[in-house]
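Here the protein sequences come in this chain order: Z and A.
Mind the numbering: the first sequence is residues 5 to 270 in our numbering, read in order.
Mind the numbering: the second sequence is residues 5 to 270 in our numbering, read in order.
Right, one structure below, let's go through it.
2 protein chains.
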Amino acid sequence: MKIARFRAARRVAFGVVMGDEIVEIRGSIYTRFRLTDTRYPLADVNILAPTEPALIWGPGLNFAEHLEFAASVLGEGADELPEHPEPWHKSRNSLTGPNDPIIIPKDSSGDVHYEGEAVAVIGRNCRRVTPTDARKYILGYTCGNDVSERTWQKKDSTFWRAKGSDTFAPVGPWIETDINPQELEILVRLNGEEVQRAYTKDMLFTFSEIVSYLSQQVTLHPGDLVFSGTTGTTKAMKPGDKVEVEIPGIGVLSNPVEAEFDAAAQ
Amino acid sequence: MKIARFRAARRVAFGVVMGDEIVEIRGSIYTRFRLTDTRYPLADVNILAPTEPALIWGPGLNFAEHLEFAASVLGEGADELPEHPEPWHKSRNSLTGPNDPIIIPKDSSGDVHYEGEAVAVIGRNCRRVTPTDARKYILGYTCGNDVSERTWQKKDSTFWRAKGSDTFAPVGPWIETDINPQELEILVRLNGEEVQRAYTKDMLFTFSEIVSYLSQQVTLHPGDLVFSGTTGTTKAMKPGDKVEVEIPGIGVLSNPVEAEFDAAAQ
């Protein structure tokens with residue numbers, strides 16, 4: 005089942021995607037809901053980021069093939085295989101939806117990269133769960149783009165702006181509840197050309213392991229998001245580009261790239 | 005004016021503290037409100053963390069006297085005077101209110117320290133503001149305790165659990181709107197004994213400078229919190245302790261310290 009959050013007729017609602025239609029639901033996607041008689045053509049609604057998370061987590065380095073590249077950004081030591089996740093969080097202001105622009109800050113060096121990822125959506129309050137039990141607390145999976153400004157990532161002590169600037173966390177288009185999260189393929193296209201391909205079977209820590217590890221110290225709440233981490237090397241995006249993260253079986257997260265409007269330069 | 009969030013008669017409301025009473029308000033503390041006729045003795049209500057923030061920011065090292073201590077935890081380089089704030093964020097799950105317990109995680113080394121701080125409360129959406137304008141976006145100030153597990157702070161790549169574990173961000177008791185934020189005294193008492201004293205005039209970056217710097221890349225929202233940073237050296241708290249952060253002119257944030265209930269050990 006594909007669960008989307010959308011705006012139509014000036015209201016925000018949740019719905020189930022069926023073919024090229026979306027059927028509005030009544031109730032909570034996290035507990036119990038029923039389908040209503042209200043349905044819209046998908047093309048007529050504005051699909052939003054699928055949840056309103058309190059927290060958006062990343063697992064730290066989670067693909068062996070990303071370690072060498074990470075070391076070139078973060079310095080030596082980053083290329084050693086981690087013994088456990090090294091969680092961090094993208095700040096909430098960075099969340100943005102499908103088709104919304106990724107905005108290159110005017111004071112950025114311009115070295116702003118895509119990172120195509122799969123994203124777990126927490127479905128229930130979750131604290132001190134085992135890896136085996138963790139999947140019961142995950143509602144489903146969606147696509148995410150862990151947009152990263154590499155100059156700030158190198159220079160700053162934290163990722164606050166390198167990965168947390170406004171619009172740096174596109175997520176969507178919807179939550180697929182019936183899919184094996186460790187058998188996903190993640191494709192990234194920049195202006196239609198494939199630039200990244202990853203397989204969640206290569207994650208050093210599975211979603212269940214990351215969620216379990218996080219939950220030892222942190223209560224996760226319904227709607228919280230957990231990114232997979234990214235693989236390989238990445239490239240910069242430029243204003244005017246279109247970036248797509250596709251996970252077959254889930255969908256395509258597409259975002260245009262824009263320069264920040266600079267009032268002072270007008 | 006002192007604005008508090010509280011629970012009384014099973015409802016959560018905001019109110020203005022007047023002497024030993026709290027007068028419930030109607031409206032929004034961020035835009036416009038009026039006093040109602042409903043008032044409670046302060047002793048009869050449950051004072052909560054004063055806002056429901058999306059983000060809880062720290063400025064990084066912000067007191068010259070904390071740099072040497074920080075270097076002993078974080079390694080060399082941390083003792084150099086910073087050229088700009090190095091923001092990071094405590095995760096939302098760590099937020100807790102006055103009189104709620106700080107819980108020492110059962111898998112912690114036990115080296116869990118207080119850090120008494122002043123906290124700015126954002127009052128309006130805030131993006132790319134100058135240091136001069138920033139104070140217009142701040143509603144007021146309260147007390148905060150940036151609880152920190154020093155072993156995890158040393159060992160991990162990020163502060164996710166060192167400073168972001170559940171209950172590691174006590175904030176309150178209320179927001180004082182009429183006070184000079186750079187002329188505050190911050191006292192910490194552990195079981196009644198003074199263990200830390202700081203002056204916000206010694207902040208390397210003022211609240212206005214931190215908020216301005218953050219707002220260059222991050223939209224701050226009403227209720228978001230910005231900690232001052234801490235000074236000097238700190239000590240571990242033990243289960244059974246009581247820790248108080250007092251800022252004269254604002255109030256006292258008091259929290260008991262407890263060990264995590266360990267079902268497996270019963």
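No residue lacks a Cβ here, since even glycine has one placed at the ideal position from N, Cα and C.
Counterpart residues of residue i in DSSP-defined beta bridges
| i | result |
| --- | --- |
| Z:Glu153 | Z:Val116 |
| A:Ala93 | Note that residue 93 of chain A is His in the sequence shown here, rather than Ala. Paired residues: A:Trp61. |
| A:Gln200 | A:Val192 |
| A:Tyr145 | A:Ala124, A:Glu180 |
| Z:Ala263 | Z:Ile108 |
| Z:Asn50 | Z:Arg11 |
| Z:Pro174 | Z:Thr100 |
| A:Leu208 | In DSSP, A:Leu208 forms no bridge with anything. |
| A:Val16 | A:Arg11 |
| Z:Ser258 | Z:Glu248 |
| Z:Val21 | Z:Lys6, Z:Ile26 |
| A:Leu224 | A:Cys130 |
Cβ-Cβ distance between residue i and residue j below 8 Å
| i | j | result |
| --- | --- | --- |
| Z:Asp206 | Z:Leu59 | no |
| Z:Gly148 | Z:Val249 | yes |
| A:Trp178 | A:Val16 | no |
| Z:Ser152 | Z:Glu119 | yes |
| A:Gly253 | A:Glu197 | no |
| Z:Ile142 | Z:Val192 | no |
| Z:Pro54 | Z:Asp24 | no |
| Z:Val123 | A:Ser169 | no |
| A:Leu71 | A:Leu78 | no |
| Z:Thr289 | Z:Glu187 | The first residue shown for chain Z is 5 and the last is 270, placing residue 289 of chain Z beyond what the model contains. |
| A:Phe231 | A:Asp104 | no |
| A:Ala202 | A:Phe73 | no |
| A:Arg96 | A:Pro57 | yes |
| A:Ala263 | A:Ile106 | no |
| Z:Pro63 | Z:Gly233 | yes |
| Z:Val199 | Z:Lys159 | no |
| A:Ala138 | A:Ser212 | yes |
| A:Val256 | A:Val247 | no |
| A:Arg38 | A:Glu28 | no |
| Z:Trp61 | A:His93 | no |
| A:Ser219 | A:Val133 | yes |
| Z:Ile7 | Z:Gly144 | yes |
| Z:Pro226 | Z:Tyr34 | yes |
First through last residue of the beta strand (DSSP E) which encompasses residue i
| i | result |
| --- | --- |
| A:Ala240 | Element bounds for A:Ala240: n/a, residue is neither H nor E. |
| Z:Ala8 | 6-12 |
| Z:Ala68 | From DSSP, Z:Ala68 is part of no beta strand (DSSP E) but of the alpha helix (DSSP H) over 68-78. |
| Z:Tyr44 | 37-45 |
| A:Glu250 | 246-251 |
| A:Val230 | 229-231 |
| Z:Ile285 | Nothing about residue 285 of chain Z can be reported from this structure: the residues present for chain Z run from 5 to 270 only. |
| Z:Arg30 | 25-31 |
Limits of the alpha helix (DSSP H) - the one that residue i falls within
| i | result |
| --- | --- |
| Z:Pro135 | 135-138 |
Proximal residues of chain A, C-beta to C-beta of residue i below 7 Å
| i | result |
| --- | --- |
| Z:Arg96 | Ala58, Leu59 |
| Z:Gly168 | Val222 |
| Z:His70 | Per Cβ cutoff of 7 Å: no residues; Z:His70 is ~14 Å from chain A at best. |
| Z:His117 | Neighbours of Z:His117 on chain A: none; closest Cβ ~16 Å, over 7 Å. |
Chain A residues whose Cβ lies nearer than 9 Å to that of residue i
| i | result |
| --- | --- |
| Z:Glu90 | Asp160, Ser161, Thr162, Trp164 |
Proximal residues of chain Z, C-beta to C-beta of residue i below 8 Å
| i | result |
| --- | --- |
| A:Pro109 | Gln220, Gln221 |
| A:Gly64 | Ser161, Thr162 |
Cross-chain neighbours of residue i in chain Z, by beta carbon under 7 Å
| i | result |
| --- | --- |
| A:Gly127 | Within chain Z, no residue comes near A:Gly127; the closest Cβ sits about 16 Å away, beyond 7 Å. |
Within chain A, the residues that residue i reaches when beta carbons sit closer than 8 Å
| i | result |
| --- | --- |
| Z:Gly227 | Within 8 Å Cβ-Cβ: nothing; Z:Gly227 doesn't reach chain A, min ~12 Å. |
Check: residue i C-beta below 7 Å from any heavy atom of the ligand NAD
| i | result |
| --- | --- |
| Z:Thr210 | No copy of the ligand NAD appears in this structure; indeed no ligand is present at all. |
>> Whether or not the stretch 34-50 of chain A and the stretch 9-17 of chain A are in contact is what I'm after, with contact meaning three or more pairs of Cβ atoms, one per stretch, closer than 8 Å; do they touch?
In response: Because the criterion of three Cβ pairs below 8 Å is met, the stretch 9-17 of chain A and the stretch 34-50 of chain A touch.
> Does the count of Cβ pairs from the stretch 84-91 of chain A and the stretch 109-118 of chain A closer than 8 Å reach three?
Replying inline: No, because fewer than three Cβ pairs between the stretch 84-91 of chain A and the stretch 109-118 of chain A fall closer than 8 Å, the two stretches do not touch.
> If we count Cβ pairs, one from each stretch, closer than 8 Å, do we get three or more for the stretch 125-142 of chain Z versus the stretch 91-110 of chain Z?
Replying inline: Taking a contact to require three or more Cβ pairs closer than 8 Å, the stretch 125-142 of chain Z and the stretch 91-110 of chain Z do not qualify as touching.
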